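Visitor: Residue numbers (my numbering): 11 to 210. Beta carbons are placed, not taken as given, at the ideal position from N, Cα and C, and that holds for glycine. Please read all numbers here as calculations on a predicted model, not as lab measurements. Please read through the structure below; I'll follow up with questions.
The structure is reproduced here in structure tokens:
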């Protein structure tokens, strides 16, 4: 009985992983099923839309693609999820009817930080509106009688500038350029919180 149960659990896990390899849904809103998946050899996102006679629309290479990189369905389209040991991100895509193209519309990310959770938090950016919301922490070694304390930076709400990025232009640089902007914003708010706490 135990062997049968273990077999069923393993089979269920396999089916779950296999199910993430190819997403089949109507992405271009014409009532016909489209497909999107990661080409594991080329390390690219491939999308085949019925409105474009199912020709292969490809992203640029995603070099950091791994076993923890997969496509997931969202309400209005799909997202590429990339999870590492203590951090990860997701890039959301949607079909734009007027332009007849798949566009990157949002980025979310999370991090657990180091062992003390320094740098932990989560954030989201809406590439259509430029709105960014971030909830981050830093570890203050001098707080709590020098025993240290995890400090939450007040929620960051700001605007970021994003150019339009379509599937054919998308690569890891799309995420990393966002990260570059983000580092300066978080560091600015972290410094402001440190200064505020120092005045207490």
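CA-CA distance, residue 175 and residue 182?
Guide: Spanning the two alpha carbons is a distance of roughly 12 Å.
Visitor: Hey, residue 158 and residue 136: beta-carbon distance below 8 Å or not?
Guide: Cβ distance not < 8 Å, so residue 158 and residue 136 don't count as in contact.
Visitor: Exposed or buried, what is residue 104 when buried is set at 16 or more other beta-carbons lying within 10 Å of its beta-carbon?
Guide: Counting Cβ neighbours within 10 Å, residue 104 comes out buried, since at least 16 surround it.
Visitor: Rounded to whole angstroms, what's the CA-CA distance from residue 77 to residue 147? Just pull it up for me.
Guide: The alpha-carbon atoms of residue 77 and residue 147 are separated by roughly 29 Å.
Visitor: Among all the DSSP beta bridges, which residues are the ones paired with residue 116?
Guide: According to DSSP, which records beta bridges pairwise, residue 116 is partnered with 102 and 136.
Visitor: Compute the beta-carbon to beta-carbon distance between residue 199 and residue 143, rounded to the nearest angstrom, for a pair I have assumed lies under 8 Å.
Guide: About 12 Å; that fails the 8 Å criterion.
Visitor: Spell out a yes or no on whether the region 81–99 and the region 29–48 are touching, meaning 3 or more CB-CB pairs, one atom from each, closer than 8 Å.
Guide: As far as the Cβ criterion goes, the region 81–99 touches the region 29–48, which means the pair count is three or higher.
Visitor: Suppose you measure from the CA of residue 58 to the CA of residue 65; what does that come to, to the nearest Å?
Guide: Whole-angstrom Cα-Cα distance: 6 Å.
Visitor: Buried or exposed: which applies to residue 102, given that a residue is buried once 16 or more other Cβ atoms fall within 10 Å of its Cβ?
Guide: Buried, by the Cβ-count rule.
Visitor: Check residue 40 in the structure and name its three-state DSSP category.
Guide: If DSSP states are grouped into helix, strand and coil, residue 40 belongs with coil.
Visitor: Residue 54 lies in the alpha helix (DSSP H); which residues open and close that run?
Guide: Not the alpha helix (DSSP H): residue 54 falls in the beta strand (DSSP E), residues 54–58.
Visitor: Between residue 179 and chain C, is any beta-carbon pair separated by less than 8 Å?
Guide: You won't find chain C in this structure, because it holds only one protein chain.
Visitor: For residue 53 and residue 118, I'd like the C-alpha separation in whole angstroms.
Guide: Using only the alpha carbons, I get a separation of about 21 Å.
Visitor: Am I right that residue 169 and residue 129 are in contact with their C-beta atoms under 8 Å? What's the rounded C-beta distance?
Guide: Wrong, their Cβ atoms sit about 23 Å apart, outside the cutoff.
Visitor: Once the 5 residues before and after residue 68 are set aside, which same chain residues still bring their CB inside 6 Å of it?
Guide: Taken in chain order, the residues that qualify are 54 and 56.
Visitor: Tell me the DSSP secondary structure of residue 163 in three-state form.
Guide: Here residue 163 sits in coil by DSSP.
Visitor: If contacts are defined as beta-carbon pairs under 8 Å, then residue 160 and residue 124 qualify, I think. What distance do you get, rounded to the angstrom?
Guide: So it is not a contact: roughly 11 Å between Cβ atoms.
Visitor: Considering only the beta carbon of each residue, do residue 180 and residue 138 sit closer than 8 Å?
Guide: No. Outside cutoff.
Visitor: Hey, would you say residue 73 sits closer than 8 Å to residue 47, going by beta carbons?
Guide: Cβ distance not < 8 Å, so residue 73 and residue 47 don't count as in contact.
Visitor: Is the beta carbon of residue 96 closer than 8 Å to that of residue 121?
Guide: Yes. Within cutoff.
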